Amino acid sequence: MNLRSAFAATIIAAVVLVSGCATNEPVLAPSPAFAPTMPVADPPRMATGSIYAGGIDDWFGRKRQYRVGDVLTVILQERTAASRSALTKSSRAAEISAKAPTTGGLLSNLNLGGESTLKSEGTGRADQTAELTGAISVTISEVLPNGNLVIRGEKQLALSEGSEFVQVAGIVRPEDIAPDGSVQSRRLANAQIAYRGTGELANASKGGWGTQLLHRLWPF
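Under the working numbering, the first residue of the sequence shown is numbered 4, with each subsequent residue one higher.
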């Protein structure tokens, strides 16, 4: 096999490899940390002969006893904005002069002097804004002794251009849950909300490896 044939075979193999990578479908990989929690069976209730069974709802339907495994809906309404600026100035000046001593008139006109000035100024500013809206269903993973609920959930979308993942975890009070089982994300304590993507769309928003390397090494 001559050099031209070897080069042609290499080109064909590269094209086949690239086309094979392009036709790969997005793979969903559920996170074990956000796996659904299986409900725990309630202990059998003793019959008291009363029509009303306490501990589930009151007479007006304003209170409900949530259990592990129940499903809630978190309404995502998150918006953050951050701005930071810095200004640094520094300057330094030095001056030195000397006059030659009298030496019989030989060095009477010889004077020595020097002056130096150093100035430095730097300005920096960074602005960042993020917004996330939508809804995600979560499950109750734990009921705390005070009645608060530990929730967690994950949503994965497999698209033709890649995959998107939304993960939510936190603690919510039963009083903050609406009658339809929804709760605003701003009501979550110790909220952990993550949004990320993989695939062509996510890669397109990132700079190439050369650009990333230049940003890391460029000293100016």
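Just so you know, even glycine gets a beta-carbon here, dropped at the ideal spot from N, CA and C.
It should be emphasised that the depicted structure is a prediction, and the values quoted were computed from it without experimental measurement.
Report task. Please classify residue 123: does DSSP put it in a helix, a strand, or coil? Result -> As a position in the sequence shown, residue 123 is number 120, starting the count at 1. Strand at residue 123.
Requested in this report: Could you please give the first and the last residue of the uninterrupted beta strand (DSSP E) stretch that includes residue 165?
Outcome: As a first step, residue 165 must be located in the sequence shown, where it is residue number 162. Judged by DSSP secondary structure, residue 165 falls within the beta strand (DSSP E) whose first and last residues are 165-175.
Report task. Output the distance between the C-alpha atoms of residue 128 and residue 141, rounded to the nearest integer angstrom. Result -> Counting from one through the sequence shown, the residue named residue 128 turns up at place 125. Counting from one through the sequence shown, the residue named residue 141 turns up at place 138. Rounded to the nearest whole angstrom, the C-alpha separation of residue 128 and residue 141 is 38 Å.
Query raised in the report: Quick one: what does DSSP say residue 67 is sitting in, helix, strand or coil?
Result: Start at 1 with the first residue of the sequence shown, and residue 67 comes out as number 64. Reduced to three states, the DSSP call for residue 67 is coil.
Report task. Label residue 154 either buried or exposed according to how many other C-beta atoms from any shown protein chain fall within 10 Å of its C-beta, with 16 as the threshold for buried. Result -> Translated into positions along the sequence shown, residue 154 becomes position 151. Per the 10 Å Cβ criterion, buried.
Requested in this report: Compare the beta carbon distance of residue 69 and residue 143 with 8 Å and say whether it is the shorter of the two.
Outcome: Residue 69 sits at position 66 when you count from the first residue of the sequence shown. Residue 143 sits at position 140 when you count from the first residue of the sequence shown. Yes. Within cutoff.
Requested in this report: Sort 121, 156, 201, 134 by Cα distance to residue 72 and report the nearest one.
Outcome: Along the sequence shown, read from residue 1 onward, the residue named residue 72 stands at position 69. The candidate whose alpha carbon is nearest that of residue 72 is 156.
**Report entry** Cβ-Cβ distance between residue 188 and residue 80 below 8 Å
**Finding:** If you number the sequence shown from 1, residue 188 lands on position 185. If you number the sequence shown from 1, residue 80 lands on position 77. Going by C-beta atoms, residue 188 is nearer than 8 Å to residue 80.
Query raised in the report: In angstroms, rounded to a whole number, what distance separates the CA positions of residue 139 and residue 121?
Result: Counting from one through the sequence shown, the residue named residue 139 turns up at place 136. Counting from one through the sequence shown, the residue named residue 121 turns up at place 118. One C-alpha to the other measures close to 58 Å.
Query raised in the report: Would you report the Cα separation of residue 150 and residue 177, rounded to the nearest angstrom?
Result: On the sequence shown, residue 150 is found 147 positions in, with the first residue counted as 1. On the sequence shown, residue 177 is found 174 positions in, with the first residue counted as 1. Distance between the alpha carbons of residue 150 and residue 177: 7 Å.
Query raised in the report: Does the Cβ-Cβ distance between residue 34 and residue 170 come in under 8 Å?
Result: What you label residue 34 is simply residue 31 of the sequence shown in a count that begins at 1. What you label residue 170 is simply residue 167 of the sequence shown in a count that begins at 1. Yes, these two residues count as a Cβ contact at 8 Å.
Query - Whether residue 201 touches residue 173 by CB criterion (8 Å) - result: Stepping through the sequence shown from its first residue, residue 201 is reached at position 198. Stepping through the sequence shown from its first residue, residue 173 is reached at position 170. No. Outside cutoff.
Requested in this report: Go ahead and pull the three-state DSSP assignment for residue 185.
Outcome: Counting from one through the sequence shown, the residue named residue 185 turns up at place 182. Residue state, collapsed to three classes: strand.
Requested in this report: For residue 140, write down the residues that DSSP places opposite it in a beta bridge.
Outcome: In the sequence shown, the residue the question calls residue 140 occupies position 137. Answer by DSSP bridge pairing, in chain order: 76.
Requested in this report: Drop a sphere of 10 angstroms on the beta-carbon of residue 74, count the other beta-carbons inside from all chains shown, and report buried for 16 or more, exposed for fewer.
Outcome: In the sequence shown, counting from the first residue as 1, residue 74 sits at position 71. Exposed, by the Cβ-count rule.
Query raised in the report: Which partner residues does residue 36 have in the DSSP bridge list?
Result: Here the question's residue 36 lines up with position 33 in the sequence shown. DSSP lists no partner for residue 36.
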